[in-house]
Structure formats: C-alpha cells, structure tokens
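Enquirer: The structure follows.
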Amino acid sequence: MVIGPKGVGKHTLVHSMFSDETSKDGYDNRHGFDFLSKQAEDLDTIKKYKFWIKDIAEEPSYKDQIYDAYYKKVKSFIFVFNKDDENGLKKLEETIKKIA
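In our numbering, the protein residues as written are 2 to 101.
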C-alpha cells in the first residue's frame, strides 16, 4: 500500500520504480483509492506487483473505518510525504498509529 497526503507523488513514485508501462486497473471514486498493477522481468521470472494507492483524507469519514480493516491485510506500506507540509505529516502520523 502506498499512502500519503494528496499531491505528494504517490503515483509518480510507483511509476518510476518500473521501466514498463503501467496497467491501471481502475479508480474507485466512491472509496477514493487507485489500484495499479506493474510487471517486472528478471531473467526467466516475471513478477507481478499490485499497489493500492490511497490519499490521507483531510477530514475523517465513515470510509476511514473501512480502510482501517484493510490495513490489517496489507503486507507492506510505502509512506510518501512532503517534509515541509506539517498538516500532512500530522495526518500521516495519525495513520501510522492506526496501522501499528
């Protein structure tokens, strides 16, 4: 899961990690997240990666309770942030506390 405030470069980071084109599986406006699939080849092995990219909301909503349940199933997190955005860092800290 790639998580962080809006506009910090979550999609850019995922796209930059792979040299092939991204297959965008879809954006869900009702839930506010993207699913991206990437594929990488290493010799004779093809590895597929799936990324769930989510913005940290400015205001909590009922959807955040849904996300809290999904956090438990995620195998790894990539936190993306702007070090100069104090509000974004505060929201990220709150999210990390929920995950831990």
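By construction, the Cβ of each residue, glycine as well, lies at the ideal position given by its N, Cα and C atoms.
Check whether the segment 2 to 11 touches the segment 76 to 90, counting contact only when three or more Cβ pairs, one atom from each stretch, lie closer than 8 Å.
Expert: The segment 2 to 11 vs the segment 76 to 90: in contact.
Enquirer: Along the chain, where does the alpha helix (DSSP H) that runs through residue 15 open and close?
Expert: Residues 11 to 17.
Enquirer: Does the beta-carbon distance from residue 54 to residue 93 come in below 8 Å?
Expert: Contact flag unset, no.
Enquirer: Quick one: what does DSSP say residue 57 is sitting in, helix, strand or coil?
Expert: Coil, per DSSP.
Enquirer: Is residue 93 helix, strand or coil by DSSP?
Expert: Correct three-state label for residue 93: helix.
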